[in-house]
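Here is the structure we will look at, set down as structure tokens.
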Amino acid sequence: MSNLYSEAYEKSINDPDGFWGPVAEDCHWYKKWDKVLDDSNKPFYRWFTGGEMNTCYNALDLHIDNGNGDRAALIYDSPVTDTKKTYTFSELRDEVAKFAGVLAAKGVKKGDRVLIYMPMIPEAATAMLACARIGAVHSVVFGGFAANELATRINDAKPKVIVSASCGIEVKKKIPYKPLLDLAIDMSDSKPAATIIFQRPMETAELKEGRDFDWSQMMADAKPHDCVPVLATDPLYILYTSGTTGQPKGVVRDNGGHMVALKWTMKAVYNIDEGDVYWAASDIGWVVGHSYIVYAPLFKGATTIMFEGKPVGTPDAGTFWRVISEHKVKALFTAPTAFRAIKREDPQAKLIKDYDLSCFETLFLAGERTDPDTLSWSEKNLNVPVIDHWWQTETGWAIAANCMGLHHFPVKPGSPTKAVPGWDVQVVDPECKPVSAGEIGAIVVKLPLPPGTLPTLWQNDARYLDAYLNEFPGYYKTADAGYIDDEGYIYVMTRTDDIINVAGHRLSTGAMEEVLANHPDVAECAVMGVEDQLKGQVPLGFLVLNAGVTRDHAEIVKEAVQMVRDQIGPVAAFKTATVVKRLPKTRSGKILRGTMRSIADKKEYKVPATIDDPEILNEIEESLGKIGYGTKAK
């Protein structure tokens, strides 16, 4: 059966130049590219080499020049501060041009880095777009991230300027950002020339003379700055993958391929046209916020929503339905955890009946595997297609999805449907040999990756090769395991490394173990993700104490939990740990995390043949039972 999807997919794999070249014509270029796909330096593929463009021009000025300056570009909806504001393309462009002038006045020029550490306010998007306008490279760090994690990112990116705000607002609580930022700068070897602080009405940050500057005062005196042409292959941003300690992994995104791919996805994947209202309920600290709050909808000329709130508690589990109804949202993109939270508060979905959702056409879920229960609850109560799709910080956009603008395939619970055009997805065994349909293996993508993906890591080509390309030569390693069925549907089953998924945020258990191991009473530890009805997974810690420690175990656990919160941040959701006599290991000393996870999740497991001492599993079951996990839960 031929359809738009099949034709697009075949062409994208067999003739990438013929596929992406015409797609790129839909964007504005100061100078056309010399080559669509440049494979002269394998495996470092580049897209649209020689082309010159500007990301901010394509997001804002292009629509104004086409006569659409009065159309809504960005709607800010903040139930936590009771604020709503709409910016037209002209209004947003004027703010961005002025802030680009502020950055330029502080010495920021093409190629310089600017670190953005802000809450979900319009000024955050303004700062990102202003960097793009002058060719500076932005690195957004999730607002409220712990100071030492922020410091590692400052050291790696070496920003000339840091842009922040006086505080973030969580449900009924304020998080002052400035003390965290000051501490991070103190800890950093690299020092910014200046910081620019947006003072929010609910908290005034203290500014240090000579280094810190007030956003509003700077904007009052700013001269608007024009767009600066950059090469398609110049970096647009660095985004650090979550949960890394020590030397963080800075995913680089280029300007040209990113613009071409993201603009194309708005119609092809999400079925969004110019003038439609699109809402990605994420945060700008994550890749979803970069791709689908700030950039893709604006490239398309759609209206994007910036929401500062939570799915429940701001004020109730109907807040998503209010936003959809009030702003006439056509498609919503969020993490399954948001819907689990709504379902927990309002299991019968009674609050939906208070709102007119006739404008709403599609729900997209990503960030973690969509469990069949959440899928069916959403389908039943919203009565629209619910589309699970799969992608990563590194890829920047969907690897697998039901491409709603090309062809709507039947949904299979547990599958994000098929590979998106551009993605040659395969499943291989450890020797890099293809496995048969339905057989689980490592999910890989045949090179070259499509435009808009990571060309490398920030100033670390060797680590890029090591992390993503060396294990399966000729392929990109997704570090996910799963299978493809005989109809081409992809099933992503599990991570192949130690990354766990907490409410759509990928976090490293290894990073948490590093923190716990620093506790003076802890000899050894292990952290794993266990199933959680609300967040998908939550981390659970096992602590083996040093011999001779006689302190109260509860006190040690409390301190250990606090250490993870302090050093990785509340986003880790690390709340539970238990003291055990020893950890189950193989004879070679490898901790049997998978077995421990199975016990905690009450799943059947086989005692591994390589286990050093099978008796230890009974001790683990007893310890887990005391804290409410496993079959022996009290």
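Residue numbers for the sequence shown follow the UniProt record's numbering, beginning at 1 and rising by one. We put the beta carbon where it would ideally sit given N, CA and C, even for glycine.
Item, Value
"Per-residue DSSP class, three states only, for Glu321", "One point to set straight first is that residue 321 is Trp, not Glu, in the sequence displayed. Three-state DSSP puts Trp321 in a helix."
"Opening and closing residue of the alpha helix (DSSP H) in which Val96 lies", "89–105"
"C-alpha gap between Asn155 and Gly210, whole angstroms", "21 angstroms"
"The segment 104–111 / the segment 73–85 touching (three or more Cβ pairs under 8 angstroms)", "no"
"Buried versus exposed call for Asn217 [16 or more other C-beta atoms within 10 Å across all chains shown]", "In the sequence on display, residue 217 carries Gln and not Asn. It counts as exposed."
"For Pro43, the nearest candidate out of Asn470, Ala503, Asp486, Tyr483 (CA to CA)", "Asn470"
"Sub-8 angstroms separation of Asp38 and Thr49 beta-carbons", "yes"
"Short Cβ contact (8 angstroms threshold) for Thr362 with Leu239", "no"
"Leu74 and Met306 closer than 8 angstroms at C-beta", "yes"
"Exposed unless 16 or more other CB atoms sit within 10 angstroms - verdict on Lys172", "exposed"
"The segment 183–195 / the segment 155–165 touching (three or more Cβ pairs under 8 angstroms)", "yes"
"DSSP three-state assignment for Cys525, whether helix, strand or coil", "strand"
"Distance between beta carbons of Ser325 and Leu357, contact taken as under 8 angstroms", "6 angstroms"
"Extent of the continuous alpha helix (DSSP H) run through Tyr475", "Element bounds for Tyr475: not the alpha helix (DSSP H) but the beta strand (DSSP E), 475–484."
"Limits of the unbroken beta strand (DSSP E) element including Val420", "Unbroken run through Val420: none, as it is neither H nor E."
"In chain order, each beta strand (DSSP E) run of at least 3 residues that lies wholly inside the segment 334–384", "362–365"
"Whether Ser164 touches Ile197 by CB criterion (8 angstroms)", "yes"
"Phe542 (DSSP reduced to helix, strand or coil)", "strand"
"Segments assigned beta strand (DSSP E), at least 3 residues, entirely inside the segment 189–222", "194–198, 212–214"
"Length of the line joining the Cα atoms of Ala24 and Ala573", "41 angstroms"
"Sheet register partners of Met306 (DSSP bridge)", "Tyr76"
"CA nearest to the CA of Arg93, picked from Tyr76, Val80, Ile272, Leu62", "Leu62"
"Residues that Cys432 bridges to, as DSSP identifies them", "Looking at the DSSP assignment, Cys432 forms no beta bridge with any residue, so it has no partner."
"Simplified DSSP state of Ala24, which is helix, strand or coil", "helix"
"Euclidean distance between Cα positions of Val425 and Ala419", "6 angstroms"
"Buried or exposed by the 16-neighbour rule on C-beta atoms within 10 Å, applied to Pro410", "exposed"
"Inter-residue Cα distance where the pair is Ile116 and Ala124", "7 angstroms"
"Buried or exposed by the 16-neighbour rule on C-beta atoms within 10 Å, applied to Ala59", "buried"
"Contact under 8 angstroms by Cβ, Val427 with Tyr483", "yes"
"Exposure label - residue 635; buried when at least 16 CB within 10 Å", "Limits of the chain in this structure are 1 at one end and 634 at the other, which puts residue 635 out of reach."
"Separation of Leu150 from Val530, as counted between CA atoms", "27 angstroms"
"Per-residue DSSP class, three states only, for Lys19", "Before going further, note that residue 19 is Phe rather than Lys in the sequence given. Residue state, collapsed to three classes: helix."
"Touching by the beta-carbon criterion (3+ pairs, under 8 angstroms), the segment 373–391 and the segment 334–348", "yes"
"Nearest to residue 692 (by Cα), restricted to the options Arg582, Cys27, Lys178, Asp182", "Residue 692 lies beyond the range of the chain shown here (1 to 634); nothing can be said about it."
"Expected contact under 8 angstroms - CB spacing of Phe142 and Asp283 to nearest Å", "6 angstroms"
"C-alpha gap between Glu619 and Val580, whole angstroms", "8 angstroms"
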